[in-house]
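Trainee:
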Amino acid sequence: MENQAVLLPQDMLADVLRRLAPRDLAISRCVSKAWCTIIDARHLLPADLLPHWVGGIIINFNGLMLSEFFSRPSTGPSVSGHLNYLPSTSLVKDHCNGLLLLDGYVVNPATRQWAELPPCPSLGLEFFDGEHLVFDPTISPHYEVLAIPICPMSDPDVKLDPALEELEWPPSLCIIHVFSSRTKQWEERPLVREGESAGTIADI
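For the sequence shown, the working numbering assigns the number 412 to the initial residue and increments by one for each residue that follows.
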């Protein structure tokens with residue numbers, strides 16, 4: 412596909428691409444580097460033309476192991492909600508502009524492409540991490556996954572270390588881990604709190 416795209420004059424290819432619907436044009440950015448470059452350089456996909464309709468919803472029900480996909484019965488799903496092509500499936504943890512974040516995977520259900528995430532480095536102490544997906548195809552074909560520390564929940568059955576209970580929350584310096592599909596690596600990014608803390612972990 413990459414070689415065939417190079418054979419077409421750029422003006423002709425751009426003329427063909429600009430006739431696509433915004434959603435199809437956004438997906439076309441992933442076909443090849445040449446197509447992505449042409450679409451971006453000629454601003455064929457302005458942000459205000461992206462569709463704002465919902466083709467379906469994914470719901471995580473309490474007590475169910477997998478997420479459920481619902482679409483309008485009159486049209487049927489244009490994109491399948493079945494993720495049975497993955498090595499393993501789990502609940503959908505987050506989503507952003509057509510991509511899904513599962514435990515250990517980022518999935519594009521429109522193209523059935525997926526990428527495995529390497530394990531996130533430990534956040535240390537006894538914190539859990541909430542993972543969130545960031546993706547804007549009008550800016551870049553790459554996505555990021557943010558692992559943000561979450562204050563340990565109050566659980567009468569779990570006894571926290573007394574030193575941990577005395578820590579401020581949120582901390583004055585918060586370290587998050589960010590995975591980039593561009594570098595294929597996790598990296599640490601420090602964030603500085605603005606204003607006062609809400610209290611100590613024991614208070615929360």
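Glycine included, C-beta positions come from ideal geometry on N, C-alpha and C.
Here the structure is a predicted model, which is why all the values come from computation and not from measurement.
#1: What does DSSP give as the partner residue(s) for TYR554 in the beta ladder?
#2: From what residue to what residue does the alpha helix (DSSP H) around ASP422 run?
#3: Mapping the DSSP letters down to three states, classify ASP514 as helix, strand or coil.
#4: Would GLU542 and SER591 be called neighbours here (beta carbons separated by less than 7 angstroms)?
#5: Could you compute how far the alpha carbon of PRO582 sits from the alpha carbon of ASP505?
#6: Closest to ARG483 by C-alpha separation, out of MET476, ILE469, TYR496, ASP514, would be which residue?
#7: By Cβ distance, which residues of its chain are closer than 8 angstroms to LEU584, with the 5 residues on each side in sequence left out?
#8: How is LEU436 classed by DSSP in three states: helix, strand or coil?
#9: Roughly how many whole angstroms lie between the Cα atoms of HIS588 and LEU575?
#10: Candidates GLY492, TYR496, SER501: which alpha carbon is nearest LEU475's?
#11: How would you write the range of the alpha helix (DSSP H) that GLU576 sits in, first residue to last?
#12: For THR611, list the residues DSSP reports as bridge partners.
#13: For ASN519, list the residues DSSP reports as bridge partners.
#14: Quick check on LYS504: does DSSP put it in helix, strand or coil?
#15: Under 7 angstroms Cβ to Cβ from ILE615, same chain only, skipping five residues before and after it: list those, please.
#16: Hey, how far is the Cα of PRO573 from the Cα of ASP540?
#17: Which value, in whole angstroms, describes the spacing of the CA atoms of THR448 and LEU436?
#18: Look at the Cβ atom of ILE612, then the Cβ atom of GLU599, and state whether they are nearer than 7 angstroms.
Mentor: According to the structure data:
#1: DSSP lists PHE546 as partners of TYR554.
#2: From DSSP, the alpha helix (DSSP H) with ASP422 extends over 421-428.
#3: DSSP places ASP514 in coil when its eight states are reduced to three.
#4: Judged by their CB atoms, GLU542 and SER591 are not nearer to each other than the 7 angstroms cut-off.
#5: Rounded to the nearest angstrom, the gap between the Cα atoms of PRO582 and ASP505 is 25 angstroms.
#6: Selection MET476, ILE469, TYR496, ASP514 evaluated against ARG483 yields ILE469 as nearest (Cα-Cα).
#7: If we look at LEU584 and ignore the five residues flanking it on each side, its Cβ neighbours are PRO601, LEU602, VAL603, ARG604.
#8: Looking at LEU436 - three-state DSSP - the assignment turns out to be helix.
#9: Answer to the nearest angstrom: the Cα atoms are 20 angstroms apart.
#10: The residue from GLY492, TYR496, SER501 with its alpha-carbon nearest to that of LEU475 is SER501.
#11: Run containing GLU576: 573-576, per the alpha helix (DSSP H) assignment.
#12: In DSSP, THR611 forms a bridge with GLU579.
#13: Within the DSSP secondary-structure output, ASN519 pairs in a beta bridge with GLN524.
#14: Of the three classes helix, strand and coil, the one that applies to LYS504 here is strand, per DSSP.
#15: Same-chain partners within the cutoff: CYS562, TRP580, ALA609.
#16: So the two alpha carbons sit approximately 21 angstroms from each other.
#17: Each residue's Cα considered, the two are about 12 angstroms apart.
#18: With contacts defined by Cβ atoms closer than 7 angstroms, ILE612 and GLU599 do not form a contacting pair.
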